[in-house]
Every structure is written in C-alpha cells, then in structure tokens.
Amino acid sequence: MAARDPLEAYNAKRDFARTAEPAGKRASSKGGNLFIVQKHDATRLHWDFRIEVDGVMKSWAVTRGPSPDPEDKRLAVQTEDHPLSYAEFEGTIPEGEYGGGTVMLWDRGTWAPVEGKSAKDLEEGHLHFRLDGERMKGEWLLIRLKRRGNEKRDNWLLRKIDDAFADEGDVLVERALTSVLTGRTMAEIAADKRGSHSLKGKKGADFAEEMKAASSHNARVSKAKVAKTGAKRKKSNAALPTFQPVQLATLVDSVPEGRQWLHEIKFDGYRALVAAKGNEVRVFTRSGLDWSEKFEPLIRHFAALDLPACMIDGEITASDDKGNPDFSRLQAVLKRGHGEQGEGDALSFHAFDLLELDGEDLKSLPNVERKQRLAGLLADAQPPIHVADHIIGGGEKLLAAMCSAGQEGIIAKRADAAYLPKRTQNWLKVKCILRQEFVIVGMTKSSTRRRPFASLLLAQREGDELVYKGKVGTGFDEDLLEDLAARFAPLKRKERALEVPRTEARGATWLEPELVAEIAFAEFTGEGRVRHASFVGLREDKEASDVTPEKPVHLEPPEEVVPISNRTRVIFPESGQTKGNLADYYTALAPAMLPFLANRPVSLVRCPQGRAKHCFFQKHDSGSFGDHVHHVPIREKDGNAEDYLYVADAAGILTCVQMGTIEFHGWCAKADDVEAPDRMVIDLDPDEGLDFADVKRAAKDIRSRLSDLGLVSFAMLSGGKGVHIVLPLRRDHSWEAHASFAERFAKALGMADPEHYVANMSKAKRKGRIFIDWLRNQRGSTAVMPYSARARANAPVAAPIDWDELDDFENAHPFTIGDAAALLKRSESKLLRGWGMAEQSLPDV
Numbered sequence: 001m002a003a004r005d006p007l008e009a010y011n012a013k014r015d016f017a018r019t020a021e022p023a024g025k026r027a028s029s030k031g032g033n034l035f036i037v038q039k040h041d042a043t044r045l046h047w048d049f050r051i052e053v054d055g056v057m058k059s060w061a062v063t064r065g066p067s068p069d070p071e072d073k074r075l076a077v078q079t080e081d082h083p084l085s086y087a088e089f090e091g092t093i094p095e096g097e098y099g100g101g102t103v104m105l106w107d108r109g110t111w112a113p114v115e116g117k118s119a120k121d122l123e124e125g126h127l128h129f130r131l132d133g134e135r136m137k138g139e140w141l142l143i144r145l146k147r148r149g150n151e152k153r154d155n156w157l158l159r160k161i162d163d164a165f166a167d168e169g170d171v172l173v174e175r176a177l178t179s180v181l182t183g184r185t186m187a188e189i190a191a192d193k194r195g196s197h198s199l200k201g202k203k204g205a206d207f208a209e210e211m212k213a214a215s216s217h218n219a220r221v222s223k224a225k226v227a228k229t230g231a232k233r234k235k236s237n238a239a240l241p242t243f244q245p246v247q248l249a250t251l252v253d254s255v256p257e258g259r260q261w262l263h264e265i266k267f268d269g270y271r272a273l274v275a276a277k278g279n280e281v282r283v284f285t286r287s288g289l290d291w292s293e294k295f296e297p298l299i300r301h302f303a304a305l306d307l308p309a310c311m312i313d314g315e316i317t318a319s320d321d322k323g324n325p326d327f328s329r330l331q332a333v334l335k336r337g338h339g340e341q342g343e344g345d346a347l348s349f350h351a352f353d354l355l356e357l358d359g360e361d362l363k364s365l366p367n368v369e370r371k372q373r374l375a376g377l378l379a380d381a382q383p384p385i386h387v388a389d390h391i392i393g394g395g396e397k398l399l400a401a402m403c404s405a406g407q408e409g410i411i412a413k414r415a416d417a418a419y420l421p422k423r424t425q426n427w428l429k430v431k432c433i434l435r436q437e438f439v440i441v442g443m444t445k446s447s448t449r450r451r452p453f454a455s456l457l458l459a460q461r462e463g464d465e466l467v468y469k470g471k472v473g474t475g476f477d478e479d480l481l482e483d484l485a486a487r488f489a490p491l492k493r494k495e496r497a498l499e500v501p502r503t504e505a506r507g508a509t510w511l512e513p514e515l516v517a518e519i520a521f522a523e524f525t526g527e528g529r530v531r532h533a534s535f536v537g538l539r540e541d542k543e544a545s546d547v548t549p550e551k552p553v554h555l556e557p558p559e560e561v562v563p564i565s566n567r568t569r570v571i572f573p574e575s576g577q578t579k580g581n582l583a584d585y586y587t588a589l590a591p592a593m594l595p596f597l598a599n600r601p602v603s604l605v606r607c608p609q610g611r612a613k614h615c616f617f618q619k620h621d622s623g624s625f626g627d628h629v630h631h632v633p634i635r636e637k638d639g640n641a642e643d644y645l646y647v648a649d650a651a652g653i654l655t656c657v658q659m660g661t662i663e664f665h666g667w668c669a670k671a672d673d674v675e676a677p678d679r680m681v682i683d684l685d686p687d688e689g690l691d692f693a694d695v696k697r698a699a700k701d702i703r704s705r706l707s708d709l710g711l712v713s714f715a716m717l718s719g720g721k722g723v724h725i726v727l728p729l730r731r732d733h734s735w736e737a738h739a740s741f742a743e744r745f746a747k748a749l750g751m752a753d754p755e756h757y758v759a760n761m762s763k764a765k766r767k768g769r770i771f772i773d774w775l776r777n778q779r780g781s782t783a784v785m786p787y788s789a790r791a792r793a794n795a796p797v798a799a800p801i802d803w804d805e806l807d808d809f810e811n812a813h814p815f816t817i818g819d820a821a822a823l824l825k826r827s828e829s830k831l832l833r834g835w836g837m838a839e840q841s842l843p844d845v
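Position 459 (the sequence shown) corresponds to 459 in full-length UniProt numbering; numbering is contiguous.
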C-alpha cells in the first residue's frame, strides 16, 4: 500500500489556476532545517509558523503571533503540511480561495531541536527547539493540548523559553511591520494586485479608497512597542563615522543627589567606540586605536543589525563564572584570541551613548535624549549587544547594590548635559574600592624560581615627572606571570626612570616606563604609596604618558538650579497647587521631558497670576528670560527672521516656570534645522457629546491604519479631552511633504469613515464626530509636549502611555503635577522604554 502523500491536503484545498501559491511537492533545503513565519491577513489576522521536517513544512497558525515574553502562551492551531517552496511565497491569495488574503514573509532562518530532542517528539505532543531567525531567536516550546468536544484540529501552545533572547513585556509582532524578503508592508503587498501603491496625485474619494484598501485589517493590532519598529528604513548617504575623542568621568567621593542625575553601572572592561554602517563596523579604543580585529565576534553581531551610519559609545566586557563583568577574564579572552575562545569566553558590548546617527551630530543633545535615541537604534539588538540601563535619582542604592555584588562602582551623569569630549563634572564616577592605572617601572627579584619576579614597581605622572607610587605583589596566576615576564624582557634597562627610595630600589630590575597596569588598592599612605595593592590587569588601551593620579573631588551640596520666587502663589485654584508645586514637578520630570522638549522651538502658555486669570502664548523673547533660555532665528511668512524660544536643559525649563509658564508646546522640528520636521502629531479632538471610549476606539483604529503603512506610532493622553498619536520620523523630508501626508491621511480617514471622523476644523461639521487635527503638522504650528502641565483645572499633565494601557483610562487627564514620582517611575519603566523614538520615514504615498 502506497504511503499517503503528506501534501495531499495542501494540494486538494487550492486551485493553482487561480492562486499564485506553489503546487505541493516534497523537497528538502540544503540543511534540512528551515523555518519561516508568514503574516497572513485572511478571515482573521494570524502568523503561520512553519518548520521543515522530512521534506515538508509542518505548520501552525498562531492567532496573536509569536511573543518573546516567556509569560505569553500563544495558541497555535496545527494546519496542513506545506511544501518547502512555500517558504518564499509572499503576495495575495485571491478572495474566495482557501486562505484568501495578504501573505507577508515575516521571518525566516533555521531551527534545531535542543540536545537530546528530535522532530519525532512532535508525535508525542511536544517539541523543545532553538530558532536562529531574523526576528525569532533562542529556545522555544510547542505543546499539544488535548482535544475538547468536536475539535477537528490539534491546538498547541507556542511559548518562549526564558533565555538570553527573551524579552519580558515585548510584543515582537507589533514592532516588526515589514517583510524580511522584500521590505514591504502588508498594505504594499496587498496593493500589488492593483499595480502601484502610490497615492501621489490622488485626492478625495480616490485617496480614501486606496487608504481603505490599504487598511484592510485595521483594529486588529493590539499593541505597539517603543522604538523597535521593523519599519522600512530609507538608506542614507552618510559615511561611516571616524574616531572622535570620548567624554571622561571625574572621580568623586560621594553620589550626587537630585533628579538631574542618572546613574549607570560602571562596567569592568574596555571603553570602546563602535562605528557602524550596514556591514561596515569598526571598533576604537578610548585613545583612538583601531581594535576591530580583536573584537571580530562583536563586529559580526553589529553587522547583522544592518544599522544606519552611527557612532556608539560603550564598554566591552567578559563575564566571570557568576555572570559579573570581570576585567581579568576579558584580558584572558583577548589573549587567547577569538579563534580560540572557549566556553564562557563570550564578549559583550554595553552601549550607553550615541554620538552620531545618519550623519547627524548628536553630541549637543541632552544625555537623556541621546540615550532614548540609542534605545531606538538598538531596539532589535540581542545579546551580546546590550543597551545599558540607568536609573534617575537613587544613586546611593545602586552604589550599595554594586558594592555588595563586588562590582567596581557607578557612573553618574547629568541628564540634561551635552556630550563633551574631555573629562568633566557632568560625568562622575563613584567607586566601591580604589582602582587606578599605574605605569610599571620595574620589578623585584623573587625568592623562588617558580616566579619570574616578586612584585612590580609602580609610578604615575605628575606634571612632567614620573613619581614612585609603591609596589604590587598579588593578583598574579602562573599564566599571567609568564606572560608579563615575556613582555618585560625587551623593556629592561640599566638605569631607573625615576627616583625610588633606596630600600625599595634594592635588587630591582628596571623597565622602560611603557606598560600600564590597573591596580586595586585600599588607600594611599601618607608617603603616597599604594596600600594592600592587587594586580587587576594590563591596560593596552591606555598610553603611559596619560597615567596621572585620580584624586576624588568632594561634592558640594547641590544648589538650586533656578531660584523660584513666590513659591506659595496659587496657580491652580481648584486644587490649591502653587507655583512652587509646579516648579518641583518640572524639576522632577525634566529628565523625562528633555528627550522631546530640548532644542525644539517652543510656544509657552504663560499665566503669571494663575491659570484662572490672564494667560497668553509666547514664542518670541526680547531677552527677559535670561541666559538659560535660548533663541533661534526663524524666517516668517513675510520673509523676515524672528527669534524663537527654545530650552536645552532643566535650568531652561525652570526659568520659564519662574516667568509664569505652565504649558510647553513644541514645533515638529529641532532648532538646529527648523526646515526638517522630525515628528508628526495627530490630535484626536472629540465633539463635546462624545464619550472618551469613542476617542480610544478611534485612536486604536488610526494606529492600526498607520501600522498598515509601515509606521509605528505612540499614544499620549493630552491632559485635556483627547489623545495625541505621535509618529517620530527621520529628518529626510520637507514641510510640504510632512503637511501633505498629514492632511491627506486625515481627509482619507474622514472619507473612508465619515460617520466617525472629520478632517474639517469647523465646529458645525464635527458634530458627533472626532476631528482629526492634522494642522499641528504645518511649519510653525505646535503641539503640547510630553509631560507638560496643562493650564486646566487641577493641574493635569500630558502623559505618554503604552497602547496596551489605553483601555484602562477613563479620560485623557488621569495624571496631575501631584503625580510626579509616579510619572517619573513610569518614564523609566520597561512599559515606556523608548517611547516616542523610532527610526522610520514617511512612506512614499
């Protein structure tokens, strides 16, 4: 009896004269271990997960798509086996045919069972396997459920195993919106059957029809995730960045206080700059040495990300057996070389700053904005590439945790400071134990033949002279002793290079002062010698001429950034909140606001006597605001240039508050190039008779329609009665294109669904409907900035939220200036990590 063809069901369900799907034939890939995922907009949107087994693709329909969060167990309905040729199918299955709808190749790669398992485990109802795809990685698990009632198909659960590729709270399907095969969105794939997806030149009903077709699965998307876009990226002509000097931290004796400081772990490794553009990647040390060959494994990981031209600052580490960064392990890994690495030798890169992106110099931006942009850029990165976490305030607790874990210490950075390529007090380091660099100037003879030397003689440069700093005789193992002895051999010299006390110089072998060692020690003695010293490792990334003593600077108590007068003046009479309360709110929230507000022309809502009295907009300044508020000349419609206001730091924000400001409204462009818009704001303004539930429904609908065009958007409660939908954009288009897209999108919505939307600002025409306010996207127009207070009763604020939270809110003003601590905590949480940051361009429509 002939064996049953596993593709019989697949072929029987399809009319290949009508569908472009490939006919079913058994075949195998070169490795026999292909996997793919296809996003499929059929009767309901789902993701088809397929793995190659015995010449066919075993298939499951995952209704909500795969999730890298181990807590998410996704229903996966087993479907008929598919042929291997289906692995490159992307297009539209005609309506009326089986599976009719749009199909995108959403992921692809290879799979393998974990050790001790095999594909035959599927027959037992489970499979534990690893994926190496463009989007799905690491260990996963499929488990078959028992059939219930009249179920005809097997239901399974697909979930992520908690490993290095897991991401709690992440929703992969909502940030990856384009095909891994062609880079197209679902809308573009669907539009292929009509020829071109271009909306250029189309108006009115034609545009609405195109938009309606492009949004065929609107309202099915559940949650968009931060800056992790997966959106189509326009290629830039920016060159691969070259080395530039790094910013250095000043050693201090205590942790700085206040919300203007953010705190990071001080990683125990090599400082490095990574310059990347696509598969071109270079790694530079802090002194400018090109160490790309030494870090080839990391370069491969960066190249796989296909980044735009960028320069990233960070630290390269290797971990000890407990998973903690360990400088000695790093040196051992580098000594062995990447071709001889063993288990536990993996290098990691911890990115903490972004200096350049797509040809744009970011060093003048506030630290928090650079970190937000960095999070967006590396949102798709997987270990061993990490974005270094930080906390705002609370540095003492972080230092205590690091010290108890045996780590080196912390770095404190001013949240609003620019990146300066020198040592400044905007970056501070606080250490658990003393560790400094010393020049090795000699060695003493060992009493045993087993050791080539007993101790090393150390020095540091003070002015033009080398000054003796004592000895180190511990911290060496046998391999290190042999390595150091070999390095010392060609450096031996007859005369010493500095003055050394006779008792300590006796029997010493002198060396050329070229090698730099990092030494841990308890303290300097009264004579300036290291006490209880231990050798940590050689610092090949530092020059001996740069090794000087580090003396901790004593931090004075923080001064008030901007004096606030009349702190007791009531600004919000309904709640009794004062000017002082408002100033304290902005002091706390400055780190959260600055990524969006800093260096952007603003219009201020000033209410010097309180919100219930005379309030007015102000966008120009004759100089009364002082030095902390800056000016940028902008050409007006009449051709004349006027100075517009902008702020760059917390002091600028508080100066505006001192001058009676309550609200901050910003342009959709930055002050350094006001002709290049970088964000779009769609304001949903409901008619008075509508409920907030109508606004929420509209926001999710619009977000879904934008998603169909490959655009990731973010939600913000306006602090009034509506929702703002924010689209971060690359600065690669004009105001004309910016405003045109916003207008056409809004009008298309109105024509596609006139019962709910209107794009005309006339009060008479928006009765019972939501006004899609696109006018904020014209040159010179402004929108309220994230975390800005509002000049309304009870001091509400404009609050960024995650899309998944939207249904939980009963109105658009749940937060007030009294919720500063909660809002700051939210801004630092995983929920809002990278909110409002994305590398994406307007689609060519």
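In this text, a Cβ means the ideal position worked out from N, Cα and C, and glycines have one as well.
None of these values were measured; they are calculated from a predicted model.
Should residue i be labelled buried (16 or more other beta-carbon atoms within 10 Å of its own) or exposed?
i	result
Leu145	exposed
Asp162	exposed
Phe453	buried
Arg609	According to the sequence provided, residue 609 is Gln. The question's Arg does not apply to it. Under this definition Gln609 is an exposed residue.
Val553	exposed
Arg766	buried
Ala401	exposed
Lys30	exposed
His620	exposed
Ser118	exposed
Glu21	buried
Lys120	exposed
Trp156	buried
Arg148	exposed
Give every residue of the same chain whose Cβ lies closer than 7 Å to the Cβ of residue i, excluding the five residues on either side of it in the sequence, and list them in chain order.
i	result
Arg153	Val77, Gln78
Gly470	Leu458, Arg529, Val530, Ala533
Arg18	Pro94, Glu97
Arg679	Cys668, Val726, Leu727, Pro728, Leu729
Cys615	Val605, Arg606, Cys607, Ala791
Glu514	Leu491, Ala544
Asp320	Asp326, Arg329
Gly288	Phe243
Leaving out five residues on either side along the sequence, give the residues of the same chain with a beta carbon under 6 Å from the beta carbon of residue i.
i	result
Leu181	Glu90, Leu105
Ala9	Glu80
Report the option in the options whose CA atom is closest to the CA atom of residue i.
i	options	result
residue 846	Pro573, His126, Ala698	Since the first residue of the chain shown is 1 and the last is 845, residue 846 is not available in this structure.
Asp5	Thr19, Val56, Gln38, Arg50	Val56
Ile653	Pro601, Asp678, Ile702	Pro601
His301	Ser287, Leu289, Val283, Gly288	Val283
Val605	Ala42, Asn794, Ser788	Ser788
Gly409	Asn324, Glu688, Asp48	Asn324
Met761	Asp807, Leu690, Asp685, Ser348	Asp685
Val114	Leu122, Asn33, His128	His128
Lys707	Gly473, Gln840, Val333	For clarity, residue 707 is Ser in the given sequence; the question names Lys instead. Checked all of Gly473, Gln840, Val333; the closest Cα to Ser707 is Gln840.
Asn794	Tyr585, Leu172, Ala812, Phe572	Phe572
Tyr757	Leu142, His665, Lys294, Asp694	Asp694
Skipping 5 residues on each side, what residues in its chain have a beta carbon closer than 8 Å to that of residue i?
i	result
Lys494	Trp510
Gln331	Gly537, Leu538
Pro633	Ala641, Glu642, Asp643, Tyr644
field: Within the region 286-357, ranges of the beta strand (DSSP E) (whole runs, at least 3 residues)
entry: The DSSP assignment places 307-318, 347-357 as complete runs of the beta strand (DSSP E) inside the region 286-357, in order along the chain (cut-off: 3 residues).
message: Counting beta carbon pairs with one atom in the region 385-396 and one in the region 436-449, are three or more of them shorter than 8 Å?
response: No, they do not touch.
query: Unbroken beta strand (DSSP E) runs of length 3 or more, entirely within the region 27-108: which are they?
result: 34-41, 45-53, 56-62, 74-82, 91-93
Those runs of the beta strand (DSSP E) which lie wholly inside the region 712-766 and span at least 3 residues: 714-717, 723-728
message: Using a Cβ distance threshold of 8 Å, determine whether the region 441-456 contacts the region 412-423, with at least three qualifying pairs required.
response: In short, these stretches do not touch, since the Cβ pair count stays below three.
- prompt: Contact between the region 355-375 and the region 581-598: three or more CB pairs below 8 Å?
  reply: A contact exists between the region 355-375 and the region 581-598.
- prompt: Should the region 419-426 be regarded as contacting the region 240-247, the criterion being three or more beta carbon pairs within less than 8 Å?
  reply: yes
- prompt: With contact counted as at least three CB pairs below 8 Å, one residue from each stretch, are the region 619-634 and the region 794-812 in contact?
  reply: no
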